[in-house]
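Read top to bottom, the protein sequences are chains A and B. Just so we're aligned, residue 1 is where the first sequence starts under this note's numbering, counting upward by one. Just so we're aligned, residue 112 is where the second sequence starts under this note's numbering, counting upward by one. No residue lacks a Cβ here, since even glycine has one placed at the ideal position from N, Cα and C. On a predicted model such as this, the values are computed, not experimentally measured, just so you know. Here is the structure we will look at, set down as structure tokens.
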Amino acid sequence: EDKVVQSPLSLVVHEGDTVTLNCSYEVTNFRSLLWYKQEKKAPTFLFMLTSSGIEKKSGRLSSILDKKELFSILNITATQTGDSAVYLCAVGASGTYKYIFGTGTRLKVLA
Amino acid sequence: DSGVTQTPKHLITATGQRVTLRCSPRSGDLSVYWYQQSLDQGLQFLIQYYNGEERAKGNILERFSAQQFPDLHSELNLSSLELGDSALYFCASMRGQQGSDEQFFGPGTRLTVL
């Protein structure tokens with residue numbers, strides 16, 4: 001059965017710290033891996049990683065995909081209180097139309 | 112603002128009742144996905160439509176049904192509601208239909224079943 005596992009479940013850090021969030025997957029015919037940030041309501045898109053784009057960076061956030069070891073990490077440097085959120089990882093597969101989401105990592109950044 | 116709209120924002124109803132949640136995708140997006148998110152749970156995929164046709168089903172109960180109309184808006188119908196159906200229901204839209212596109216999420220409908 002396809003599955004996506006995120007770790008840790010929860011993380012509390014202080015402003016300025018660097019955090020690494022993990023997402024491992026077992027999905028047949030992997031096509032893409034997406035990272036989302038969910039604050040109070042709807043998830044908002046951060047990155048999409050595919051075979052042709054295994055590393056993405058935007059400001060203090062960066063992500064890499066290891067297709068051999070079947071995982072991705074999301075790095076946030078110089079964290080700010082505004083980074084406090086649940087970070088979701090989702091995997092899409094070829095030949096299917098659904099995305100499988102992990103349960104998320106809850107990040108709390110203290111001032 | 113993602114461009115995806117959902118109504119209503121909140122819905123409080125009693126067990127045994129039936130409700131309809133509505134979603135309008137972003138302009139030009141043909142795919143609509145429905146997800147359920149219970150307290151402290153990840154997003155559970157329910158069902159996906161592409162250009163009016165059902166394409167994929169996830170963990171959707173038989174009491175739940177959905178459809179996508181010619182104008183591409185979608186409705187999720189939940190019947191014989193139980194306490195455990197209380198959750199946040201999201202719809203997301205996407206330009207294409209397979210797992211290589213970004214999904215844009217609506218603000219969600221919070222359903223409370225009393």
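Where residue i falls: helix, strand or coil (DSSP)
i, result
"Thr-103 (chain A)", "coil"
"Leu-150 (chain B)", "coil"
"Gly-92 (chain A)", "strand"
"Leu-21 (chain A)", "strand"
"Leu-9 (chain A)", "coil"
"Thr-131 (chain B)", "strand"
"Asp-196 (chain B)", "helix"
"Asp-66 (chain A)", "strand"
"Thr-77 (chain A)", "coil"
Span of the beta strand (DSSP E), counted from its first residue to its last, around residue i
i, result
"His-121 (chain B)", "121-124"
"Tyr-36 (chain A)", "30-38"
"Gln-178 (chain B)", "175-179"
"Ile-54 (chain A)", "Premise fails: Ile-54 (chain A) is in no beta strand (DSSP E) and is neither H nor E."
"Arg-206 (chain B)", "No beta strand (DSSP E) holds Arg-206 (chain B); DSSP gives it neither H nor E."
"Ala-167 (chain B)", "164-168"
"Leu-189 (chain B)", "185-189"
"Gln-117 (chain B)", "116-118"
Any C-beta of chain B under 7 Å from that of residue i
i, result
"Ala-111 (chain A)", "no"
"Gly-104 (chain A)", "yes"
"Phe-45 (chain A)", "yes"
"Lys-98 (chain A)", "yes"
"Ala-113 (chain A)", "Beyond the ends of chain A as shown, which are 1 and 111, falls residue 113 (chain A); an answer cannot be given."
"Lys-37 (chain A)", "no"
Inter-residue spacing [alpha-carbon to alpha-carbon] between residue i and residue j
i, j, result
"Val-109 (chain A)", "Pro-181 (chain B)", "45 Å"
"Pro-183 (chain B)", "Leu-141 (chain B)", "Sequence inspection shows Leu at residue 183 (chain B); the Pro mentioned does not correspond to that position. Taking the straight line joining both Cα atoms gives about 7 Å."
"Lys-56 (chain A)", "Ile-73 (chain A)", "11 Å"
"Ser-32 (chain A)", "Asn-162 (chain B)", "22 Å"
"Asn-22 (chain A)", "Ile-64 (chain A)", "10 Å"
"Arg-60 (chain A)", "Leu-34 (chain A)", "17 Å"
"Thr-220 (chain B)", "Ala-203 (chain B)", "12 Å"
"Leu-222 (chain B)", "Thr-131 (chain B)", "10 Å"
Min CB distance residue i to chain A below 7 Å
i, result
"Gln-147 (chain B)", "no"
"Phe-216 (chain B)", "yes"
"Leu-183 (chain B)", "no"
"Glu-173 (chain B)", "no"
Cβ-based neighbour list, residue i, same chain, cut-off 6 Å, excluding 5 preceding and 5 following
i, result
"Ile-158 (chain B)", "Trp-145, Lys-168, Ile-171, Ala-177"
"Leu-225 (chain B)", "Ala-125"
"Val-27 (chain A)", "Asp-2, Val-91, Ala-93"
"Ser-10 (chain A)", "Arg-106"
"Ser-62 (chain A)", "Asn-75"
"Thr-118 (chain B)", "Arg-133"
"Met-48 (chain A)", "Ser-32, Leu-34"
Same chain, Cβ closer than 8 Å to residue i, five either side skipped, listed in chain order
i, result
"Thr-44 (chain A)", "Tyr-36, Lys-37, Gln-38"
"Lys-67 (chain A)", "Phe-30, Ser-51, Ile-54"
Same chain only: Cβ atoms within 7 Å of residue i, ignoring 5 sequence neighbours per side
i, result
"Gln-147 (chain B)", "Gln-155, Leu-157, Ala-198, Tyr-200"
"Asp-17 (chain A)", "Thr-79"
"Gly-127 (chain B)", "Ser-191, Leu-192"
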